[in-house]
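Protein chains in written order, with my numbering: chain X, 1 to 111; chain C, 1001 to 1111.
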């Protein structure tokens, strides 16, 4: 069966520090992978998606970047965090005719 | 601009009540409407609706799509405290790697 792992679950980082969130998928190959952010009381906003190794599309200009070094690994990064980067970050993969399966999420607080 | 609007934003009911959650959408190249349940962490998939007028059921939950009036409803009968969550709807788009999410309805079921 397919599973998606995301870590860490919680992160508190100072402004200006770097960030690296990792997401891995098991049980499928060549998945479409996504990073979403959810601000308090708001819907999910797509940040990046990837249809294959090294292929990254960005939906909104921001302080973040993404990479896909392996088929089932998707990484969200920042060189210098801003206060506005705080939020709940979700990794997801898309199953055909089924919608997204989400990871357990990372709650990032930038202080 | 694509948008998905959910109502009400929040709802408090007592166990045993029946609730109806609303989702209206304006999505270009609309493919399907999805419902998710989000408790403390990641959203979990409930329904994908592609055809108008066909009700989908899962236990006490049911949902239907009206593609003419551009809305969907999610019904929960005989609510239980475990139904307390944020319910998200999303419009899926043809030939796109994104969905447009609503802000969610926060349902609280009191014993």
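All C-beta atoms, glycine included, are put in the ideal place defined by N, C-alpha and C.
- Secondary structure of residue 83 of chain X (DSSP, three-state): helix.
- Here the stretch 88-95 of chain X lies against the stretch 25-33 of chain X, with 3 or more beta-carbon pairs under 8 Å apart.
- The alpha-carbon of residue 81 of chain X is positioned some 5 Å away from that of residue 16 of chain X.
- Using a Cβ-Cβ distance cut-off of 8 Å, the stretch 2-18 of chain X and the stretch 47-67 of chain X are not in contact, since fewer than three pairs of beta carbons, one from each stretch, lie closer than that value.
- Rounded to the nearest angstrom, the gap between the Cα atoms of residue 14 of chain X and residue 106 of chain X is 16 Å.
- Among the residues of chain X, those whose CB is under 8 Å from the CB of residue 1045 of chain C are 98, 99, 100, 101, following chain order.
- Contacts between residue 1104 of chain C and chain X, judged by CB atoms closer than 7 Å, involve 43 in chain order.
- Just measuring C-alpha positions, the residue of X/43, X/53, X/18, X/1 sitting nearest residue 1005 of chain C is X/43.
- Straight through space, the alpha carbons of residue 1111 of chain C and residue 63 of chain X are spaced by roughly 44 Å.
- Close to chain C, meaning a Cβ-Cβ distance shorter than 8 Å, are the following residues of the stretch 50-77 of chain X: 51, 57, 59.
- Chain-order list of chain X residues neighbouring residue 1067 of chain C: empty, with the shortest C-beta distance near 18 Å, by a criterion of under 8 Å.
- In this structure, residue 1107 of chain C and residue 1085 of chain C form a Cβ contact; the two beta carbons are roughly 6 Å apart against a cut-off of 8 Å.
- When 8 Å is used as the limit between beta carbons, residue 11 of chain X is near no residue of chain C, the shortest such separation being about 14 Å.
- The CB of residue 1034 of chain C comes closer than 7 Å to the CB of 99 in chain X, given here in chain order.
- In the structure shown, residue 54 of chain X adopts coil according to DSSP, grouped into three states.
- The distance from the Cβ of residue 1079 of chain C to that of residue 1019 of chain C is about 6 Å, consistent with a contact at the 8 Å cut-off.
- Annotation: the continuous beta strand (DSSP E) that includes residue 38 of chain X extends over 33-38.
- Secondary structure in the stretch 1025-1078 of chain C: no alpha helix (DSSP H) run of 4 residues or longer lies completely within the stretch.
- Membership of residue 1085 of chain C in the beta strand (DSSP E) is indicated by the continuous run 1085-1093.
- Chain-ordered listing is empty here: chain C has no CB closer than 8 Å to the CB of residue 30 of chain X, the nearest sitting near 14 Å.
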